[in-house]
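Below: the structure, in structure tokens.
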DNA sequence: TGATTGACCAACT
DNA sequence: CAGTTGGCCAATC
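Numbering (this note's numbering), first residue to last: 3 to 113.
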């Protein structure tokens, strides 16, 4: 099969690999893909992923500040925070506490 | 089909 | 210190 994964498809591959109880950032995924500037695309891809049949933990992806940027896209803004807290991640004021502690870098897959 | 937007990030002014 | 701009790729108008 000819694999020609677009930026878009790679995002899903990485997003599915995010371990439970961990979070990552749009920029980290984009950087892993080799295109740091496409961080916006990652978020946008997540938005579409909500409509996809595949289970993609979009709630484990936040922005560089650890803020739940896309909480509004889950239908109800509370869902994203509840999911994160359900995995043991502390979220206060739509922001992840000790982000570096829960942060998971997709680049770990390379080594 | 050209222009605009988008769950971002970093650098520059 | 805060606002603006450039960058990236794909989808929508």
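A virtual CB, placed ideally from N, CA and C, is assigned to each residue, including glycine.
Query, Result
"Name the residue from 103, 112 and 9 whose alpha carbon lies nearest to the alpha carbon of residue 39.", "9"
"Tell me whether residue 109 is buried or exposed, calling it buried when 16 or more other Cβ atoms sit within 10 Å of its Cβ.", "exposed"
"Might you give, ordered along the chain, the residues of its own chain that have their beta carbon closer than 6 Å to the beta carbon of residue 17, omitting 5 neighbours on each side?", "58"
"Where do the ends of the alpha helix (DSSP H) carrying residue 45 lie?", "41-51"
"Answer with buried or exposed for residue 111, where buried requires no fewer than 16 other C-beta atoms within 10 angstroms of its C-beta.", "exposed"
"Please name the residue in 95, 86 and 7 whose C-alpha comes closest to that of residue 26.", "86"
"State the DSSP-derived secondary structure class of residue 37, mapped to helix, strand or coil.", "coil"
"Determine whether the beta carbon atoms of residue 106 and residue 12 lie at a separation below 8 Å.", "no"
"Between the alpha carbons of residue 68 and residue 51, how many angstroms are there, rounded?", "20 Å"
"Mind checking residue 62: buried by the 16 CB within 10 Å criterion, or exposed?", "buried"
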